[in-house]
Amino acid sequence: MLKITNTQKGPRGVNSVAGPVLIDPDQTVEVEVYAREKEHLEASGWFNIKGSYKTDPDKPASARNEDGDSKEMAEMRKQFDTSFKDVTDRLKASEKQNADLEKQIADKADLEKAVADKDAEIEELKKQLAAKGK
């Protein structure tokens, strides 16, 4: 619990555990104030402060992680990353399958050309054989 006296000529406010408190000039109030407010209160030079600060509460559930994300945002990011990885993996598999199919098509075209060349060669040999037999 702190005893805070406003040493200024006008009213000043502090953030207590219970909420904002307005302190008139030369007025003293007893309030609970979290330790996180200490630096601000003392740096302002507006108050005479006696007593001890209340220990800061644990981080709230919506506190941000090391990436600056709230708990909800971190969960959404995790879901997105999982979905993105799944889609990326499927895309890579499709690209590989596509490359395999293109190779098969190219191989088939090569085989068809080889067959056509052999057919032409056979026709040429038939013509030569027919010419000799006459």
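Going by this note's numbering, 109 is the number at position 113 of the sequence shown; the sequence numbering is gapless.
Backbone N, C-alpha and C define an ideal beta-carbon position, used for all residues, glycine too.
Throw me the rounded Cβ distance for the residue i and residue j pair, which I believe falls under 8 Å.
i: residue 43; j: residue 2; result: 6 Å
i: residue 31; j: residue 51; result: 6 Å
i: residue 41; j: residue -1; result: At roughly 17 Å, the Cβ-Cβ gap does not stay under 8 Å, so residue 41 and residue -1 are not in contact.
i: residue 49; j: residue 25; result: With 8 Å as the limit, residue 49 and residue 25 do not qualify as a contact, their Cβ atoms being about 15 Å apart.
i: residue 5; j: residue 21; result: 6 Å
When you measure from the CB of residue i to every non-hydrogen atom of the ligand MN, does any distance come out below 8 Å?
i: residue 63; result: Because no ligand of any kind appears in the structure shown, any question about the ligand MN cannot be addressed here.
Bridge partners of residue i, per DSSP?
i: residue 16; result: 11
i: residue 49; result: Note: residue 49 sits in no beta bridge, so no partner.
i: residue 44; result: 1
Can you name, in chain order, every residue of its own chain whose Cβ lies under 8 Å from the Cβ of residue i, other than the five neighbours on each side?
i: residue 125; result: none
i: residue 92; result: none
Excluding the 5 residues flanking residue i on each side, which residues of the same chain have their C-beta closer than 7 Å to its C-beta?
i: residue 18; result: 7, 9
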